[in-house]
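Written below as structure tokens is the structure these notes are about.
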Amino acid sequence: MKLILPIGKLDSDLLEAIVFRNIKFRRSEVIQRPGIGEDCAVVGFGDYECVMSTDPITGSVEDIGKLAINVTLNDIASNGVEPLGIMLAVMLPAGTSDEDVEKIMKQAGDEAALHEIEIIGGHTEITDAVNRPVIVSTAVGRCAAGKSVNSENIREGDRILVSKELGLEGIGIIAADRRDKLEEFLSEEELSLARSFMKKTSVVKEGVIAGNIGVDGMHDITEGGLLGAVWEMCRTSGLGAEIYYDSIPVSPVTEKICGILEIDFLRLISSGSMLIIASESKALQLIEEAGKEGVPITDIGRIGGTSAVMIKGGERIEITPPESDELYKALK
Numbered sequence: 007m008k009l010i011l012p013i014g015k016l017d018s019d020l021l022e023a024i025v026f027r028n029i030k031f032r033r034s035e036v037i038q039r040p041g042i043g044e045d046c047a048v049v050g051f052g053d054y055e056c057v058m059s060t061d062p063i064t065g066s067v068e069d070i071g072k073l074a075i076n077v078t079l080n081d082i083a084s085n086g087v088e089p090l091g092i093m094l095a096v097m098l099p100a101g102t103s104d105e106d107v108e109k110i111m112k113q114a115g116d117e118a119a120l121h122e123i124e125i126i127g128g129h130t131e132i133t134d135a136v137n138r139p140v141i142v143s144t145a146v147g148r149c150a151a152g153k154s155v156n157s158e159n160i161r162e163g164d165r166i167l168v169s170k171e172l173g174l175e176g177i178g179i180i181a182a183d184r185r186d187k188l189e190e191f192l193s194e195e196e197l198s199l200a201r202s203f204m205k206k207t208s209v210v211k212e213g214v215i216a217g218n219i220g221v222d223g224m225h226d227i228t229e230g231g232l233l234g235a236v237w238e239m240c241r242t243s244g245l246g247a248e249i250y251y252d253s254i255p256v257s258p259v260t261e262k263i264c265g266i267l268e269i270d271f272l273r274l275i276s277s278g279s280m281l282i283i284a285s286e287s288k289a290l291q292l293i294e295e296a297g298k299e300g301v302p303i304t305d306i307g308r309i310g311g312t313s314a315v316m317i318k319g320g321e322r323i324e325i326t327p328p329e330s331d332e333l334y335k336a337l338k
């Protein structure tokens, strides 16, 4: 019987059953392959490794050029690698003007320049196959052989850390696209603050710092939010986790917007926050070093046990696999 799929990325079981299962040929140069909780592919080139990742931007119209750069650079940074180039496939709906194209590309060009990343190619077209702008970006990074971070090194007792605060991308998009709904409940100052979260969606700085220190695993918190990212890393490592609700960093305006729209910030797309797994000593070092660079890092739990749980008010709540992101609910 044919299954009609919900909006959003495929769930983990479907990915393994109908996507990964159909990838049949393997080359010896490929070091890191597609997997649950893995953001990047890694290919060996002698003394160096090439780290690559691809992402679509479909949930936002405002700032889509900026997001197309940040979201994929973040994946490269989750391997502890500094990105060097990016390619953009830009598909725009009928009725798009030259001013629209220039706005998107100015955003992308400015953001790439900010991170000293070159836009090295891509494709741009107007098509009736989409009804809103869609950008697929592919980023490339390079590091010395054996230096990229993956989740195979996660160990029992490691600390679970997150950078900055949750919901930055999701709330930034919602503040722009659902202003009509929110301005009834939020002050102009609160709306402006929420909108400004889009300026914080890069995790390249903390990713590279963590890579230099030598952490045990990283995962960019995108679709599925924090709980989705924790579940995926546990699935990949084969270990359990405990996270403590009261330690999770979140802005009061994020909590307020989520309450108004009846969505869960723990399951909201959160580019701008990196999930980092590190030994206790490396965790303390990372918190100190990132703090010097103006990036707050918060310890929210530990790796351990056989399942992923969140402790809230004394209750142990099982963390379930990620489903459709809360952003899609908010934008209906």
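In my numbering, the protein residues as written are 7 to 338.
Glycine residues also receive a C-beta, built at the ideal position from the N, C-alpha and C atoms.
**OP:** Look at Thr64 and Val140 and say whether their C-beta atoms are less than 8 Å apart.
**Re:** yes
Subject >> The beta strand (DSSP E) enclosing Val136, as first and last residue numbers >> reply: Run containing Val136: none; DSSP gives neither H nor E here.
Original post:
At what residue ranges does the stretch 60 to 141 contain a whole run of the beta strand (DSSP E), taking only runs of 3 or more?
Top reply: Restricted to the stretch 60 to 141, the beta strand (DSSP E) segments that are unbroken, complete and at least 3 residues in length are 89 to 98, 124 to 132, listed in chain order.
Original post:
According to DSSP, what are the bridge partners of Gln38?
Top reply: Under DSSP, Gln38 takes part in a beta bridge, and its partners are Val48.
Original post:
Mapping DSSP to helix, strand and coil, what is Met280?
Top reply: DSSP, reduced to helix, strand and coil, places Met280 within a strand of the structure shown.
Subject >> Spatial distance of Ala119 from Gly246 (CA atoms) >> reply: Looking at the two C-alpha atoms, the distance is approximately 40 Å.
Subject >> Beta-carbon proximity list for Ile269, same chain, < 7 Å, skipping 5 on both sides >> reply: Glu332, Lys335, Ala336
**OP:** With Leu9 as the anchor, note down where its alpha helix (DSSP H) starts and where it stops.
**Re:** Membership of Leu9 in any alpha helix (DSSP H) is not indicated, and neither H nor E is assigned to it by DSSP.
Original post:
Taking only runs of the beta strand (DSSP E) that begin and end inside the stretch 139 to 203, which ones reach a length of at least 3 residues, in chain order?
Top reply: You should have 140 to 150, 165 to 169.
**OP:** Evaluate contact between the stretch 228 to 244 and the stretch 267 to 284, counting only Cβ atoms and requiring at least three cross-stretch pairs below 8 Å.
**Re:** Remark: three or more beta-carbon pairs, one from each stretch, lie closer than 8 Å, so the stretch 228 to 244 and the stretch 267 to 284 are flagged as touching.
**OP:** Could you have a look at Arg33 and say whether DSSP puts it in helix, strand or coil?
**Re:** coil
**OP:** Would you give the residue range spanned by the beta strand (DSSP E) that Val315 belongs to?
**Re:** Per DSSP, the unbroken beta strand (DSSP E) holding Val315 starts and ends at 314 to 318.
Original post:
Under 8 Å between the Cβ atoms of Lys170 and Glu299?
Top reply: A distance of 8 Å or more separates the beta carbons of Lys170 and Glu299.
Subject >> Cβ pair count under 8 Å reaching 3, the stretch 92 to 103 against the stretch 153 to 169 >> reply: no
Subject >> Cβ distance (whole Å) where Tyr250 is taken to contact Ile325 below 8 Å >> reply: So it is not a contact: roughly 13 Å between Cβ atoms.
**OP:** Answer yes or no: do Asp69 and Met239 have a C-beta to C-beta separation smaller than 8 Å?
**Re:** no
Original post:
According to DSSP, is Val57 helix, strand or coil?
Top reply: In this structure, Val57 counts as strand in the three-state DSSP scheme.
Original post:
With respect to the beta strand (DSSP E) encompassing Ala23, which residues constitute its N-terminal and C-terminal limits?
Top reply: It is not in any beta strand (DSSP E) - Ala23 carries neither H nor E in the DSSP assignment.
Original post:
Going by DSSP, which residues form a beta bridge with Tyr250?
Top reply: According to DSSP, Tyr250 bridges with Ile317.
Original post:
What is the DSSP secondary structure of Ile325, counted as helix, strand or coil?
Top reply: Looking at Ile325 - three-state DSSP - the assignment turns out to be coil, as it is neither helix nor strand.
**OP:** Out of Gly319, Glu122, Glu286, Gly320, state which residue places its alpha-carbon closest to the alpha-carbon of Arg308.
**Re:** Glu286
Original post:
So what's Thr207 in DSSP terms, helix, strand or just coil?
Top reply: coil
Original post:
Are the beta-carbon atoms belonging to Glu162 and Gly43 less than 8 Å from one another?
Top reply: no
Original post:
With contact counted as at least three CB pairs below 8 Å, one residue from each stretch, are the stretch 45 to 54 and the stretch 112 to 127 in contact?
Top reply: no
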